[in-house]
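Residue numbers (our numbering): 285 to 392.
Glycine residues also receive a C-beta, built at the ideal position from the N, C-alpha and C atoms.
Notes to accompany the following structure.
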Amino acid sequence: DEGVVASVSKGMMDRLRQFRNQSKFKKQALAVIAAQSQDLDIDKMKAAFLALDTDHDGTLTIMEMKNGIRDAGVVVPQDLDELLKGIDSDGSGVIDYTEFIAATLERK
Numbered sequence: 285d286e287g288v289v290a291s292v293s294k295g296m297m298d299r300l301r302q303f304r305n306q307s308k309f310k311k312q313a314l315a316v317i318a319a320q321s322q323d324l325d326i327d328k329m330k331a332a333f334l335a336l337d338t339d340h341d342g343t344l345t346i347m348e349m350k351n352g353i354r355d356a357g358v359v360v361p362q363d364l365d366e367l368l369k370g371i372d373s374d375g376s377g378v379i380d381y382t383e384f385i386a387a388t389l390e391r392k
């Protein structure tokens with residue numbers, strides 16, 4: 285799918301990994317920033333989220349992430365399951381939009 289390929293990148297995977305290693309406080313702060321941000325980076329990450337959310341339920345499962353990453357031609361990290369658990373700040377078992385945006389925002 286062209287949307288997935290255009291939206292998912294190795295850089296996004298690196299940002300997911302960095303987010304996982306942040307403190308709970310910093311994750312919450314980034315979630316607040318993500319919820320209130322309206323810049324070009326957010327538009328790109330929103331496109332990535334929508335492309336990955338193949339069942340259109342507003343959340344990303346591990347399978348949706350694996351399939352989207354693979355479809356984009358990016359190597360699926362062996363630690364993806366652990367990576368996603370670290371991003372799932374509310375413990376729901378899925379990645380919601382705000383968690384995804386907070387985790388993939390480029391930090392300046």
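Notebook entry, point to check: Tell me, which residues are paired with I379 by DSSP?
Noted result: If you number the sequence shown from 1, residue 379 lands on position 95. I379 pairs with L344.
Next item on the list: Report, in whole angstroms, the separation of the C-beta atoms of L389 and M329, which I expect to be a contact under 8 Å.
Entry: Residue mapping note: residue 389 aligns to position 105 of the sequence shown, counting from 1. Residue mapping note: residue 329 aligns to position 45 of the sequence shown, counting from 1. Correct: roughly 7 Å between the Cβ atoms.
Note to self: Judging by CA-CA distance, which residue of M347, D355, V359 is the nearest neighbour of D298?
What the structure shows: For the purposes of this step, residue 298 is identified with residue 14 of the sequence shown, where counting begins at 1. Selected option, being the one with the closest Cα: V359.
Checklist line | Environment of S307 [buried if 16+ CB atoms lie within 10 Å] | finding: Within the sequence shown, residue 307 is the residue found at index 23, counting from 1. Per the 10 Å Cβ criterion, exposed.
Next item on the list: Between the Cα of Q302 and those of V378, L364, G375, spot the shortest distance and give me the residue it belongs to.
Entry: Counted from its first residue, the sequence shown places residue 302 at position 18. Ranked by Cα distance from Q302, the first of V378, L364, G375 is L364.
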